[in-house]
Amino acid sequence: MNDDNSVLTDSFRRLVADIATPERTRTFEAAPALEPVWSALAASGFLDALVPEDCGGAGLSLASVFPLVMILGEHAVSVPYAETMVARALLAANGQQAPDDAAIILAPPSPILPNGAAATHALVNDGERIALVRLVGVGEDPFRAGGATGIQIGDRLCDLPADGFDLGLAAAGLAAAQMAGAMSRLLSMSLRYANERQQFGRPLGKFQAIQQQLSVMAEQVISVQVAARTAMSGHGFNVAGVAAAKARANEATHLVNGIAHAVHGAIGATEEFDLQLYSRRLKQWQLAFGSESFWAGQLGRLRILAGSATSADFIRDHLCDGAA
Amino acid sequence: MLTVDSFPATRIPEAAEALRPQIKAFLADRLAGMPASRRARTWSGFDADFSRALAERGWVGLTMPKHYGGAGLDAFARFVLVEELLAAGAPIAAHWIGDRQSAPLLLHYGTEAQRQAFLPRICRAEIFFCIGMSEPNAGSDLASVRTRAVREADGWRLNGQKIWTTYAHKSHYMIGLVRTSGTPEDRQKGLSQFLIDLSLPGVTVRPIRLGTGDTDFNEVFFDNVLLPDDALVGQEGNGWAQVNAELAFERSGPERIYSSLVLLDLWAATLRASPSRADEERLGKLLARLAPLRAMSVSMTGLLAQGQSPLTEAALFKDMGTELEQAIPGEIADAVATRLDTACDPELMRTLAYLMQLNHVFSLRGGTREILRGMIARGLGLR
Numbered sequence: 002m003n004d005d006n007s008v009l010t011d012s013f014r015r016l017v018a019d020i021a022t023p024e025r026t027r028t029f030e031a032a033p034a035l036e037p038v039w040s041a042l043a044a045s046g047f048l049d050a051l052v053p054e055d056c057g058g059a060g061l062s063l064a065s066v067f068p069l070v071m072i073l074g075e076h077a078v079s080v081p082y083a084e085t086m087v088a089r090a091l092l093a094a095n096g097q098q099a100p101d102d103a104a105i106i107l108a109p110p111s112p113i114l115p116n117g118a119a120a121t122h123a124l125v126n127d128g129e130r131i132a133l134v135r136l137v138g139v140g141e142d143p144f145r146a147g148g149a150t151g152i153q154i155g156d157r158l159c160d161l162p163a164d165g166f167d168l169g170l171a172a173a174g175l176a177a178a179q180m181a182g183a184m185s186r187l188l189s190m191s192l193r194y195a196n197e198r199q200q201f202g203r204p205l206g207k208f209q210a211i212q213q214q215l216s217v218m219a220e221q222v223i224s225v226q227v228a229a230r231t232a233m234s235g236h237g238f239n240v241a242g243v244a245a246a247k248a249r250a251n252e253a254t255h256l257v258n259g260i261a262h263a264v265h266g267a268i269g270a271t272e273e274f275d276l277q278l279y280s281r282r283l284k285q286w287q288l289a290f291g292s293e294s295f296w297a298g299q300l301g302r303l304r305i306l307a308g309s310a311t312s313a314d315f316i317r318d319h320l321c322d323g324a325a
Numbered sequence: 052m053l054t055v056d057s058f059p060a061t062r063i064p065e066a067a068e069a070l071r072p073q074i075k076a077f078l079a080d081r082l083a084g085m086p087a088s089r090r091a092r093t094w095s096g097f098d099a100d101f102s103r104a105l106a107e108r109g110w111v112g113l114t115m116p117k118h119y120g121g122a123g124l125d126a127f128a129r130f131v132l133v134e135e136l137l138a139a140g141a142p143i144a145a146h147w148i149g150d151r152q153s154a155p156l157l158l159h160y161g162t163e164a165q166r167q168a169f170l171p172r173i174c175r176a177e178i179f180f181c182i183g184m185s186e187p188n189a190g191s192d193l194a195s196v197r198t199r200a201v202r203e204a205d206g207w208r209l210n211g212q213k214i215w216t217t218y219a220h221k222s223h224y225m226i227g228l229v230r231t232s233g234t235p236e237d238r239q240k241g242l243s244q245f246l247i248d249l250s251l252p253g254v255t256v257r258p259i260r261l262g263t264g265d266t267d268f269n270e271v272f273f274d275n276v277l278l279p280d281d282a283l284v285g286q287e288g289n290g291w292a293q294v295n296a297e298l299a300f301e302r303s304g305p306e307r308i309y310s311s312l313v314l315l316d317l318w319a320a321t322l323r324a325s326p327s328r329a330d331e332e333r334l335g336k337l338l339a340r341l342a343p344l345r346a347m348s349v350s351m352t353g354l355l356a357q358g359q360s361p362l363t364e365a366a367l368f369k370d371m372g373t374e375l376e377q378a379i380p381g382e383i384a385d386a387v388a389t390r391l392d393t394a395c396d397p398e399l400m401r402t403l404a405y406l407m408q409l410n411h412v413f414s415l416r417g418g419t420r421e422i423l424r425g426m427i428a429r430g431l432g433l434r
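As given, the protein sequences belong to chains A and B, one line each in that order.
Heads up, the first sequence is in my numbering, so the first residue is 2 and it goes up one at a time.
Heads up, the second sequence is in my numbering, so the first residue is 52 and it goes up one at a time.
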């Protein structure tokens, strides 16, 4: 990442921290509503970050936007901000424009649509085309985390050819990046707690058993972050990159959530403690847009069909930074 | 703190990638007909002729300056070379330690005379090196070494014992970490590194036979060995710092993720005929773990090339990498033994058996899991 990018990232992190506070997340969970978070985030000007410059956007690459998507996950943002960024760019590239106030989710087939509870619009598959539709209702929010088990579609505003863009891939790729962010929040909270909480006369973090668990947790978090970064390092989302990222994120969630809650003890699961805001969302993401077995199967099949001489060749061709 | 930003997104430069096709062509020719069960040994496979053939191409000591007999290429070129050697299962143990550690150590800390005496011979694969760190009472607790070198009028008098020294019986020199002052209670202080000629009087190398029948490891005894003055590498008493500088090189490379790659690819090839959904998922999960690790290794190659020493990052990478290398034989065993009515390909069985009997040591060599996790914990601010 270059310096410009890290300035961008730092300012976005401060902004999101101010807007999407844990208190607001709790209010949202009680009654999902776009405001006040949506308008404040929209005012930041990042919604058109991925829209090409000649269409009036910032023309940033997916790679530049990756840290921003992670930050949304880090702060449990439960409105479809990252999804709307991608949707607006796709629409703009096809000469279409989303309504200014549309909060758009990507809605490929999935048991649950995180960030769907308060969405106003969706991109859906429609045969060979992708359609932008208005939502007239959403399904249940079984995690109380701003998700929706389904959507009820109203007007169809426009459509575009689906060639070259796979809604399921984009949704899973963005999910992996937001999961990576939520995991880094769990890690930083667990480290802080381990250093503060005293048991048997010393901080938890001084116990070797705890240290080793937190080291494993850090490994898993960084592995997911690197995989999610690779998935967003090309011109678009590709199957291998997304498959590795989502499979990795889902698999790591078991360990990462487990260790975070083990270090915190029961307090971590309480309403008043923030930890559960992120861990419940991670579990919701596990159910969305393909499980670890689903994506691992895709990746394995691709490896077998690709016929690469070695797995190192396969990774270089399909799974390294910038692989198309 | 350790974060994803500790591993900056890094691409291998074109110039380094340009080397890849030549290496592939050389290996395809040279390794033709070598069975997978032998190729699976990769950096444990000792073949002096192979190392010399590589050296003739200029591929030993790739990063050494040209005036010392090297190719003067960068760390990324070496990553490409090593990645291809490991993926193909080339037997590279003979020159491996000299190439990876001893030559860079001598280039960095050696005297001009030492560089001129040793680097060209390493680059020609004429001399092979081993590492003398572990002792019977100093394994993970490396700072407690007891082997001692005492200064005398005409050099250093060396007494003590090293253990688990890989290929000492086929090496010409050892880079040994020994005590030059104080006692084991002084820990990191008073340690120094020496270039030990293993043909000197008083050096005894005794092989350690493993349950598998392999004899890669040795005990090395030093009984009043007289080392010349110029056997000291770097500064007297600076051994600990010098060894730590080597560790980032030792733990960050693709050999920490590819030790079971020949097996993985052999198995993947058998799936082409009749892949089951479960096999595809198993293969995919392993690749999903492997890909970010490769990205991390490339990233650390860039950091090392910039002169940084990503020690904690390397510990994190190696712990995860060896865990994956260890998981691969287990996963494949599970897959193979799920198909009870299908005969296992004999070469797949031989390769699997070799790695299943070896994989538990992957996390012992080069720093144990528990030590690495302790280092990570320190990097996370817990210690």
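Cβ coordinates follow ideal geometry from the N, Cα and C atoms, glycine included.
Note that the structure is a prediction, hence the values are computed from the model and not measured.
- The C-beta distance from alanine 428(B) to leucine 403(B) rounds to 35 Å, too long to meet the 8 Å contact threshold.
- Going by DSSP, threonine 254(A) is part of no beta strand (DSSP E) but of the alpha helix (DSSP H) stretching over 240-265.
- With its beta carbon less than 7 Å from one in chain A, proline 326(B) belongs to the interface.
- Histidine 122(A) and arginine 135(A) do touch by the CB rule: their CB atoms are close to 6 Å apart, below 8 Å.
- According to DSSP, tryptophan 207(B) shares a beta bridge with Arg202(B) and Leu278(B).
- Contact annotation: leucine 168(A) and alanine 245(A) have beta-carbon atoms that are not nearer than 7 Å.
- Contact between phenylalanine 268(B) and glycine 211(B) is ruled out by a C-beta separation of about 17 Å, above the 8 Å threshold.
- Chain A has a Cβ within less than 7 Å of the Cβ of arginine 345(B).
- Of all residues in the segment 126-144 of chain B, only Glu134, Glu135, Leu137, Ala138 and Ala139 place a beta-carbon less than 9 Å from a beta-carbon of chain A.
- A Cβ-Cβ separation of about 7 Å places alanine 176(B) in contact with alanine 145(B) under the 8 Å criterion.
- Counting C-beta atoms within 10 angstroms of its own C-beta, valine 8(A) has fewer than 16 neighbours from the protein chains shown and is therefore classed as exposed.
- For glutamate 287(B), the secondary structure class from DSSP, reduced to helix, strand or coil, is coil.
- As the crow flies, the alpha-carbon of leucine 320(A) is around 53 Å from that of proline 252(B).
- When Cβ-Cβ separations below 7 Å define contact, aspartate 11(A) makes no contact with chain B.
- Here the alpha carbons of glycine 227(B) and glycine 425(B) stand approximately 25 Å from one another.
- Close CB contacts of glycine 241(B) within its chain, under the 7 Å cut and outside five residues either way in sequence, are with Arg230, Thr231, Ser232, Gly233 and Gly288 (chain order).
- The segment 140-159 of chain B makes no contact with the segment 365-382 of chain B: fewer than 3 CB pairs, one atom from each, lie closer than 8 Å.
- The Cβ atoms of proline 53(A) and threonine 10(A) do not sit closer than 7 Å to each other.
- In this structure glutamate 376(B) does not touch serine 303(B) by the C-beta definition: roughly 15 Å separates them, more than the 8 Å allowed.
- Think of a sphere of 8 Å around the beta carbon of threonine 54(B): the chain A residues whose beta carbon falls inside it are Ser185, Ile223 and Gln226, in chain order.
- Tyrosine 218(B) sits away from leucine 246(B), with the two beta carbons spaced by 7 Å or more.
- Taking all protein chains in view, the Cβ of valine 201(B) is surrounded by fewer than 16 other Cβ atoms within 10 Å, so the residue is classified as exposed.
- Taken atom to atom, the span from the alpha-carbon of arginine 89(B) to that of aspartate 392(B) is near 27 Å.
- By the rule that beta-carbons nearer than 7 Å mark a contact, leucine 133(A) does not touch chain B.
- Taking leucine 82(B) as the centre and dropping the five residues before and after it, the same chain places the C-beta of Arg90, Ala139, Gly140 and Ala141 closer than 8 Å to its C-beta, in chain order.
- Per DSSP, serine 102(B) is one residue of the alpha helix (DSSP H) stretching across 99-107.
- Around the CB of alanine 307(A), fewer than 16 other CB atoms lie within 10 Å, so the residue is classed as exposed.
- Taking a C-beta distance under 7 Å as the contact criterion, phenylalanine 290(A) and serine 79(A) do not qualify as a contact pair.
- The CB of isoleucine 316(A) comes closer than 8 Å to the CB of Leu338, Leu341, Ala342 and Arg345 in chain B, given here in chain order.
- The count of Cβ pairs closer than 8 Å, one atom from the segment 63-76 of chain B and one from the segment 123-132 of chain B, reaches three, so the stretches are in contact.
- Those residues of the segment 388-412 of chain B placed with their C-beta closer than 9 Å to a C-beta in chain A do not exist.
- Glutamate 297(B) is positioned such that its CB atom lies no closer than 7 Å to that of glycine 417(B).
- Put simply, the CB of leucine 354(B) is far from chain A, with every gap to its CB atoms at 7 Å or more.
- Counting only residues of its own chain and dropping the five nearest sequence neighbours on each side, lysine 221(B) has a CB closer than 8 Å to the CB of Phe97, Ala99, Ala145 and Phe179.
- Taking 9 Å as the Cβ-Cβ cut-off, the segment 29-59 of chain A has no residue approaching chain B.
- Annotated three-state conformation of isoleucine 427(B) is helix, per DSSP.
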